[in-house]
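In UniProt numbering, the protein residues as written are 1 to 514.
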């Protein structure tokens, strides 16, 4: 038996009174979080949710996320985390594709109406029967969305004890949606063993004190924040200081107030902290406490690494991974020399190699495509055996990322064989954007690429050929796209062309567009 919920169970047994979560003035103990998770599990059972059923969760970094996450796992069900920026069409797709039976969805704010989008998507989806609102005000007595039930009302009167359902190490714990370069997003099935092993190994990469405090700015619906911060932090019995939306000044204030020891972020977060005019007193306080600084999601420019070291006196350690690898595959380990610009060495229990297009091993420096084998590799893509067979062979997962390797075994990313765009740490897949753009009545053909951007790393640009006689401006198409996609996905830049560069076989030469 192995159930990922052992993380919260064990922490609640050993450190029941320790602060598990800090959010504003709210401080919640491990015992309390575990009790609420038990109530969630009882709620799911009362609905008829069975082991293996899928339950979706859409919430920013608020106390609800770990409570519901571990409650789903305790019931033997599978967590389907949803990005809080998804629009109704996208929510409906994820719910239907995952076969979700229920959705726990944050109420949202006027600026980010998660609840309205989630409920609209829920109503469009087949098979999803239960919708629960996670209220912005925990003391609220009525749901802001007509015909729905509030979280605390749903839990009222349910027992705070629950014996976790027996699950096997290979049973699916999480279905995390990721896209390829073709088609719609795919659900990577991550097992209890995948997730637990990766959290434990990630924890071992970070220096420890008797009681650590992590700052949680990475979205918990993303695998990086979920494994490396939430799960690894709970495994350590750390206190997690939750940040729903990253803002540099608020982050600095929290780093000082909670004496943060560990901070993992994407490059844009580190860039923002460097740009912030932090006071000397705050810099000294941060430097005195911050011992572990981690960056992932995209390559971190060397100048930012140097700047963080100069300002806060800490080395930013880079790693590498994907949703399909739970995520950590390699890391600049603290017990070995750090090489700026490198994604480090494979973590314990994981192998990496370079391959060519035919899966043949590339010896020496390379370059070649990174392939990964180990306890972190997903079971496969949910309901997509062909896509799984294309991605995994003899236990090796091919990543689509090209790298070289030095004589000490350190890997360095040199390019992406996939066309994926990384905007502000979020993965954006051009094919999905192109297919939807081409549903616009004025668009004949579209090609989407990433172009350099100072703060986001990459910005999304669409090259568009209009239909004959059609008239649409850049502003109109950008505004239309904003209604179709999550905020991090829609193209901000549109350039109209009469033709696009193509190969003899008709394939668009995106390299030339870039």
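For each residue, glycine too, the CB sits at the ideal point set by N, CA and C.
Here the structure is a predicted model, which means the values were calculated and not measured.
Under DSSP, residue 330 takes part in a beta bridge, and its partners are 320, 346. DSSP lists no bridge partner for residue 217. The C-beta separation of residue 173 from residue 191 comes to about 6 Å, placing the pair in contact by the 8 Å criterion. Assignment of residue 295 by DSSP, reduced to helix, strand and coil, places it in the strand class. Proximity to residue 295 across 308, 323, 265, 165 peaks at 265, based on C-alpha coordinates. Using a Cβ distance threshold of 8 Å, residue 426 and residue 488 count as a contacting pair. For residue 461, the enclosing beta strand (DSSP E) stretches over residues 457-466. Look at residue 398 here: in three-state DSSP terms it is strand.
As the crow flies, the alpha-carbon of residue 280 is around 19 Å from that of residue 315. Three or more beta-carbon pairs separated by less than 8 Å are not found between the stretch 29-38 and the stretch 245-264, which leaves the two stretches without contact.
The secondary-structure analysis by DSSP pairs residue 191 across a beta bridge with 172. Straight-line spacing of the CA atoms in residue 68 and residue 25 works out to 21 Å. Taking the Cα of residue 491 as reference, the smallest distance to any Cα among 437, 466, 50 is reached at 437. Residues of the same chain with a CB within less than 7 Å of the CB of residue 474, apart from the 5 flanking positions on each side, are 494 in chain order.
For residue 70, the closest alpha carbon among the candidates 52, 7, 130 is that of 7.
Secondary structure at residue 105: strand, using DSSP grouped into helix, strand and coil.
A Cβ-Cβ distance of about 5 Å is found for the pair residue 176 and residue 188, placing them in contact under the 8 Å criterion. Following the DSSP letters along the chain, one finds residue 148 in no alpha helix (DSSP H), marked with neither H nor E. Below 8 Å, too few C-beta pairs join the stretch 230-249 and the stretch 283-291 to call them touching: fewer than three. For the 8 Å CB-CB criterion, residue 135 and residue 107 form a contact.
With respect to residue 85, residue 95 sits apart: the two C-beta atoms are not nearer than 8 Å.
Counting C-beta pairs closer than 8 Å gives fewer than three between the stretch 206-226 and the stretch 110-130, which falls short of the contact rule. Less than 8 Å separates the beta-carbon of residue 186 from that of residue 381. The count of Cβ pairs closer than 8 Å, one atom from the stretch 143-162 and one from the stretch 36-47, reaches three, so the stretches are in contact. In this structure, DSSP gives residue 426 an extended state, which the three-state scheme calls strand. For residue 79, the enclosing beta strand (DSSP E) covers residues 78-81. Taking residue 209 as the centre and dropping the five residues before and after it, the same chain places the C-beta of 261 closer than 7 Å to its C-beta, in chain order. In this structure, the CA atom of residue 110 is about 14 Å from the CA atom of residue 87. 8 Å or more divides the Cβ of residue 422 from the Cβ of residue 293. Contact check for residue 455 against residue 268 passes: the beta carbons are separated by less than 8 Å.
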